[in-house]
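A.B. asks:
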Amino acid sequence: MHVGGEVDVRSAYCAASVASLTNILTPALFAGTAEWIARCQNWEGGIGGVPGMEAHGGYTFCGVAALVILKQEHLLNLRSLLHWVTGRQMRFEGGFQGRCNKLVDGCYSFWQAGLLPLLHRALHARGDPALSMAHWMFDQLALQEYILLCCQCPAGGLLDKPGKSRDFYHTCYCLSGLAIAQHFGSGDLHNEVVLGIPENCLQATHPVYNIAPEKVARAVMHFLQYPVPSLDLA
Amino acid sequence: DEIGLIPCPEARYNRSPIVLVENKLGVESWCVKFLLPYVHNKLLLYRQRKQWLNKDELIDITCTLLLLNPDFTTAWNVRKELILSGTLNPLKDLHLGKLALTKFPKSPETWIHRRWVLKQLIQENSLPSLATKGNLGAAPVERIHRLVQEEMNVCSEAAGRYPSNYNAWSHRIWVLQHLAKLTVKVLLDELLSTKYWVSMHVSDHSGFHYRQFLLNALIHRTVTDDNILVQNQMVNEQNPSLQKGEESAGTEAAFAEEQSVDLPRRLDEEMELCTELIDNYPGHETLWCHSDETLNNSHHSPATSHMAQAMDVDGLNESSSKQGYTQETKRLKRAPVQDSLGPEMEYRFVDKVLSTCRDVDQARFATAYRKWLVTFLGQ
Chain S
1 MHVGGEVDVR SAYCAASVAS LTNILTPALF AGTAEWIARC QNWEGGIGGV
51 PGMEAHGGYT FCGVAALVIL KQEHLLNLRS LLHWVTGRQM RFEGGFQGRC
101 NKLVDGCYSF WQAGLLPLLH RALHARGDPA LSMAHWMFDQ LALQEYILLC
151 CQCPAGGLLD KPGKSRDFYH TCYCLSGLAI AQHFGSGDLH NEVVLGIPEN
201 CLQATHPVYN IAPEKVARAV MHFLQYPVPS LDLA
Chain X
1001 DEIGLIPCPE ARYNRSPIVL VENKLGVESW CVKFLLPYVH NKLLLYRQRK
1051 QWLNKDELID ITCTLLLLNP DFTTAWNVRK ELILSGTLNP LKDLHLGKLA
1101 LTKFPKSPET WIHRRWVLKQ LIQENSLPSL ATKGNLGAAP VERIHRLVQE
1151 EMNVCSEAAG RYPSNYNAWS HRIWVLQHLA KLTVKVLLDE LLSTKYWVSM
1201 HVSDHSGFHY RQFLLNALIH RTVTDDNILV QNQMVNEQNP SLQKGEESAG
1251 TEAAFAEEQS VDLPRRLDEE MELCTELIDN YPGHETLWCH SDETLNNSHH
1301 SPATSHMAQA MDVDGLNESS SKQGYTQETK RLKRAPVQDS LGPEMEYRFV
1351 DKVLSTCRDV DQARFATAYR KWLVTFLGQ
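In the order they appear, the protein sequences are chains S and X. With the numbering used here applied, the first sequence corresponds to residues 1 to 234, in that order. With the numbering used here applied, the second sequence corresponds to residues 1001 to 1379, in that order.
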């Protein structure tokens, strides 16, 4: 994650995210990365921080998103991943848990629910006929209920669960999760599912980078103007 | 051996905020808002080269800082420099970390620094000239063993202080992989020593995941050992005239037997443990997950199937669906269902749970498990 710091799947995502947006992504830079990430998928179907570790929502998102960027999602067992992540939505609360048998947490509204658009795209690319053309494979309304009813701080900002205090991290990821839950697809296939009044509707977010899709497009366009820097030491 | 914060918003008496009782260190909370900024600032000034601190001061300051906030990476890094320059004994940092973890059992920076220190210690160990230098004078192997045991303790304590402590368990796995080298002995020892712990923490998914890791490592180990054995036999067959070859084949066989893990029995014992816990503690999803995966392993493990040549190590590493709704017919074909006793017992168990349980979640898990048995075992 930083010089002398820990090595785990998050750094792969950070690197892939930055490199792809700034057009410095080369095969040499990520040689072996995709295979390493795939080794982080375990018997549960989710992805852990390093190979051998317990499946965890945060790491799973980072792993899958990185693989999507590297165009290597097929290295994963997508069905067991799908099974694991859908099992993480809590039947009572509607929100998501980070790992099996743990409590719900607002931030997983993005880390976990955000996996479903990625999986949808990957399975669609394989020509899976059973895929819906209107909804993600999780209960979008239930998630929105959890976020809107349980995760808002009366003084503003959002949080993990009732009783916790607000912070920027939870505010960011609760809102990101809300955006995911409200918007299916894009362009011709765009389908909005908004709980409550229309004003609740947020702007859509890009499921890989979690910034507005237009911003992703602009960044990519901007950096394409520049040549890919060479790794040779002058 | 333990630190803590004593809630005490106002300094009532004009005395030190440090309280030491029975080897446990407490700090009254009112002083933190003075102490922390003071030491923090001092360290930053040092780092910015605006104010010099000598080695002893550095050691003291970083120690204080880290006991108040162990996620302060810079403080750990200062200590790394001190260790590298030979001024600070790495074992001190292991002790400091252990103390910090009593109050901050998840602290990521503490675990990360701990791994760095351990890597330093192993490197020292591997240099023969340094083997007897310093601390223990014991044989390197013995030293490593003691380090490993201590790490297991620290992890266990930290795991007990915070439910599903991902960082503690992940450190534990790291230690086994990098210090203990995943020997059969250590894997079996760990299975034994964590059995009681997980029975006392039935919702701790991380704890049970650790057991899955141990079992998987054992399966992998058996496969590797069998491979070595087979390879050696092949080599010896090619050179029958080599006396030495025959001897080592004999020793290899003996070695393999000695080391051989009765895998089917281990997996059966694991199933028994699951069954017992599920019965006693209804409604814990972790237990059912663990049960699914153990059963999966006992039917797909090459050690229990006669198709040893398949050596489907890759197949094992390929993640299996924990509830087998997927069409994993390829794997089902590879491993013949050895004993019909296994599944029958499982059916009887599930039916019994369904008919006697009153917990809604338990019923739901049992029903799902039953569906999985049917799909998975095709019976």
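C-beta atoms are modelled at their ideal positions from N, C-alpha and C, and glycine is treated no differently. Remember, it's a predicted structure, so these values are computed and weren't measured experimentally.
In the stretch 81 to 124 of chain S, which residue ranges form an unbroken alpha helix (DSSP H) of at least 4 residues, counting only runs that do not cross its ends?
C.D. replies: 108 to 111
A.B. asks: May I ask you to list, following chain order, the residues of the stretch 1204 to 1216 of chain X that have a beta carbon less than 7 Å from some beta carbon of chain S?
C.D. replies: HIS1205, SER1206, HIS1209, GLN1212, PHE1213
A.B. asks: Going by Cα to Cα distance, which pick from GLY1207(X), LYS1181(X), TRP1197(X) is closest to HIS1220(X)?
C.D. replies: The shortest C-alpha separation from HIS1220(X) is found at LYS1181(X).
A.B. asks: According to DSSP, simplified to helix, strand and coil, what is GLN1048(X)?
C.D. replies: coil
A.B. asks: For TRP36(S), go through chain X and note every residue whose CB falls closer than 8 Å to its CB, in chain order.
C.D. replies: Under the 8 Å cutoff, chain X gives no residues; its nearest Cβ is about 13 Å from TRP36(S).
A.B. asks: Taking only beta-carbon atoms, is CYS1394(X) less than 7 Å away from chain S?
C.D. replies: No statement about residue 1394(X) is possible, as the shown extent of chain X runs from 1001 to 1379 and does not include it.
A.B. asks: Listed from N- to C-terminal order along the chain, which residues in the stretch 99 to 133 of chain S have their beta-carbon within a distance smaller than 7 Å of any beta-carbon of chain X?
C.D. replies: ARG99, CYS100, ASN101, LYS102
A.B. asks: Using a C-beta cutoff of 7 Å, does ILE1278(X) count as contacting chain S?
C.D. replies: no
A.B. asks: Quick check: is the beta carbon of ALA1228(X) nearer than 7 Å to any beta carbon in chain S?
C.D. replies: The identity of residue 1228(X) in the sequence shown is Ile, whereas the question assumes Ala. No, because no Cβ of chain S sits closer than 7 Å to the Cβ of ILE1228(X).
A.B. asks: What in chain X is Cβ-close to HIS56(S), meaning under 7 Å?
C.D. replies: TYR1166
A.B. asks: If you count every other CB in all the chains shown that lies within 10 Å of the CB of ARG99(S), and 16 or more means buried, which is it?
C.D. replies: Buried is the call here.
A.B. asks: Nearest by alpha-carbon distance to ASN1165(X): which of THR1356(X), LYS1106(X), SER1085(X) is it?
C.D. replies: Ranked by Cα distance from ASN1165(X), the first of THR1356(X), LYS1106(X), SER1085(X) is LYS1106(X).
A.B. asks: What does TRP1030(X) reach in chain S if we use C-beta pairs closer than 8 Å?
C.D. replies: Neighbours of TRP1030(X) on chain S: none; closest Cβ ~22 Å, over 8 Å.
A.B. asks: Under a Cβ-count criterion, where at least 16 other Cβ atoms within 10 Å of its own Cβ denotes burial, should ASN101(S) be classed as buried or exposed?
C.D. replies: buried
A.B. asks: Which residues in chain S have a C-beta closer than 8 Å to the C-beta of TRP1197(X)? List them in chain order.
C.D. replies: Those within 8 Å of TRP1197(X) in chain S number zero; the least Cβ separation is about 16 Å.
A.B. asks: Alpha carbons only, please: which of GLN140(S), GLY156(S), ALA155(S), GLU214(S) is nearest the one belonging to SER186(S)?
C.D. replies: Minimum Cα distance to SER186(S) is reached at GLU214(S).
A.B. asks: Of the residues that make up the stretch 1141 to 1152 of chain X, which ones have a beta carbon closer than 8 Å to any beta carbon in chain S?
C.D. replies: none
A.B. asks: Judging by CA-CA distance, which residue of GLY87(S), ARG39(S), ILE24(S) is the nearest neighbour of GLN225(S)?
C.D. replies: Residue ILE24(S) is the option with its Cα nearest to GLN225(S).
A.B. asks: Under a CB-based cut-off of 7 Å, is ALA1335(X) close to chain S?
C.D. replies: Because ALA1335(X) sits at a pLDDT of 36, beneath the cut-off of 50, its placement in the model cannot be relied upon, and the point is left open.
A.B. asks: Rounded to whole angstroms, what's the CA-CA distance from HIS1306(X) to LEU1263(X)? Just pull it up for me.
C.D. replies: Note that HIS1306(X) has pLDDT 31, beneath the 50 cutoff, so the model's placement of it is unreliable and the number below is only indicative. Spanning the two alpha carbons is a distance of roughly 13 Å.
A.B. asks: Using 7 Å as the limit for Cβ to Cβ distance, is GLY32(S) near chain X?
C.D. replies: no
A.B. asks: Classify LYS1098(X) as buried or exposed, calling it buried when 16 or more other Cβ atoms lie within 10 Å of its own Cβ.
C.D. replies: buried
A.B. asks: Pick helix, strand or coil for PHE138(S), following the three-state DSSP scheme.
C.D. replies: Here PHE138(S) sits in coil by DSSP.
A.B. asks: Taking GLY49(S) as the query, report the chain X residues whose CB atoms sit under 7 Å from its CB, ordered along the chain.
C.D. replies: Neighbours of GLY49(S) on chain X, chain order: SER1170.
A.B. asks: Contact criterion: CB-CB distance below 7 Å. Does GLU1293(X) meet it with respect to chain S?
C.D. replies: Cβ-Cβ to chain S under 7 Å: yes for GLU1293(X).
A.B. asks: Does the beta carbon of TRP245(S) sit closer than 7 Å to a beta carbon anywhere in chain X?
C.D. replies: Because chain S is modelled from 1 through 234, residue 245(S) falls outside the range shown and cannot be assessed.
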